[in-house]
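Residue numbers (our numbering), protein chains in the order written: chain A, 4 to 168; chain B, 675 to 957.
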């Protein structure tokens, strides 16, 4: 029951935070990708399984709400969550500098993979890549440390501080 | 073997499952089942999305209203201060306009009839009774003499005030015509009936010793007669309020309301006590 409550609350709060960011924080059309940040943070803090499950469900929700390819966000966030979990014990993710670098790399990987999927499924590229990517990386990087800190506090609050794969 | 591998690598197995589902959705995105799943998810999530959008819009509107309130409050504060200053300015201007008007009337009067008269301001009143005496800001140094007549302007009309009873170097005291010891020889205008206007320490005065056959009636004007050389003849004193017979029956008596605003006048003219002073009687 607690697990169900946790998942429900986490998924809704995550989606709400993303909506808030889209509404209030926007530069040149780019907004911080809160869901990506949380999934990456979860991967480094709690492992691949934990983060990929969250990533997949959030991705599905984002696909249902958005206007892009249905299934793309769920694929991207699940993969990135899994990969983030693989690097869990290999990097000093408690350091802010490391967290920022992780987020920047994850953002670049997310966009690269996303464009690859779009090309693969013959979807037109919606925005010019480089300027938008730079702004996106900057916004995500600014929130990296806050995301890691918040995720850790949230998981501890619910008592899910065990390893998952 | 694959199963054992996947069992030991749970995360990878789950990922493969997620990837498969996502790829299926991507490849079959126009399939009715896939669109149905998307539609169902949208219906589940739309309340949160729609309500959050409405919430953000209301929050933006509220934020706008709050900022506008703060701005308006600040503007209100500034406007209140300006309003207070302007109100004070308006009052000052009105007072100056009234003073200007009075002084112009006084100057006009002085120029027309009393070129040698001394303009003076009322600076104090007898605190014991509002109608007995007033103090002027002109005295011996300015040419004021004892027993000189004092007049004021009411509207565009001349009006008798009283007589100088005390003179000091820079101030002088005026005994008002309403004082009980004040007495002025007077006549009813146009009729010529003569009498003596005496004060009663009240707001009005009485014209006594009117002939028993006098036909003076309410509304008629009383003017100074000029006997005694103190008050020039023809200065308006007031208007008859009522006429009655005295108790002994020998004379008639008229109750007269003075023209001069004895309780509120601020400027007066002190006439030079000369025999040449004669006023042109102008009704």
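Every residue, glycine too, gets a C-beta built ideally from N, C-alpha and C.
Closer than 8 Å at the beta carbon, the chain B residues around residue i
i	result
residue 64(A)	715, 719
Rounded separation between residue i and residue j - CA only
i	j	result
residue 850(B)	residue 901(B)	18 Å
residue 7(A)	residue 87(A)	24 Å
residue 719(B)	residue 731(B)	18 Å
residue 821(B)	residue 759(B)	46 Å
residue 10(A)	residue 159(A)	14 Å
residue 743(B)	residue 148(A)	36 Å
residue 952(B)	residue 800(B)	Summary for residue 952(B): the model assigns pLDDT 47, below 50, so the residue's position carries little reliability; its value from the coordinates is reported in the next sentence. So the two alpha carbons sit approximately 30 Å from each other.
residue 788(B)	residue 811(B)	19 Å
residue 925(B)	residue 869(B)	10 Å
residue 858(B)	residue 770(B)	34 Å
residue 706(B)	residue 113(A)	29 Å
residue 702(B)	residue 77(A)	15 Å
residue 124(A)	residue 155(A)	36 Å
residue 690(B)	residue 57(A)	15 Å
residue 894(B)	residue 838(B)	27 Å
residue 643(B)	residue 736(B)	No answer is possible for residue 643(B): it lies beyond the span of chain B, which begins at 675 and ends at 957.
residue 72(A)	residue 749(B)	52 Å
residue 814(B)	residue 781(B)	21 Å
residue 938(B)	residue 741(B)	52 Å
residue 16(A)	residue 757(B)	51 Å
Under 8 Å from the C-beta of residue i: neighbouring residues of chain A
i	result
residue 689(B)	51, 55, 81, 82, 85
residue 685(B)	50, 51, 52, 55, 85, 88, 167, 168
residue 700(B)	72, 73, 74, 75, 78, 120, 124
Counterpart residues of residue i in DSSP-defined beta bridges
i	result
residue 927(B)	918(B)
residue 882(B)	870(B)
residue 941(B)	795(B)
residue 30(A)	33(A)
residue 826(B)	833(B)
residue 895(B)	913(B)
Contact under 8 Å by Cβ, residue i with residue j
i	j	result
residue 886(B)	residue 917(B)	no
residue 150(A)	residue 40(A)	yes
residue 74(A)	residue 700(B)	yes
residue 776(B)	residue 941(B)	yes
residue 920(B)	residue 879(B)	no
residue 875(B)	residue 854(B)	yes
residue 61(A)	residue 38(A)	yes
Closest Cα partner of residue i within the set the options
i	options	result
residue 59(A)	50(A), 105(A), 85(A)	85(A)
residue 832(B)	771(B), 838(B), 908(B)	908(B)
residue 872(B)	881(B), 716(B), 946(B)	881(B)
residue 864(B)	910(B), 708(B), 690(B)	910(B)
residue 51(A)	710(B), 906(B), 898(B), 692(B)	692(B)
residue 906(B)	944(B), 695(B), 708(B), 755(B)	944(B)
residue 927(B)	750(B), 867(B), 741(B), 876(B)	867(B)
residue 806(B)	817(B), 931(B), 835(B), 756(B)	835(B)
residue 34(A)	146(A), 142(A), 163(A)	142(A)
residue 46(A)	63(A), 99(A), 69(A), 83(A)	83(A)
Within chain B, partners of residue i - CB distance below 7 Å
i	result
residue 59(A)	692
residue 67(A)	712, 715, 716, 719
Chain-ordered neighbours of residue i on chain A, where CB pairs are closer than 9 Å
i	result
residue 708(B)	73, 74
residue 758(B)	Those do not exist, as residue 758(B) stays about 41 Å from chain A at its closest Cβ, beyond 9 Å.
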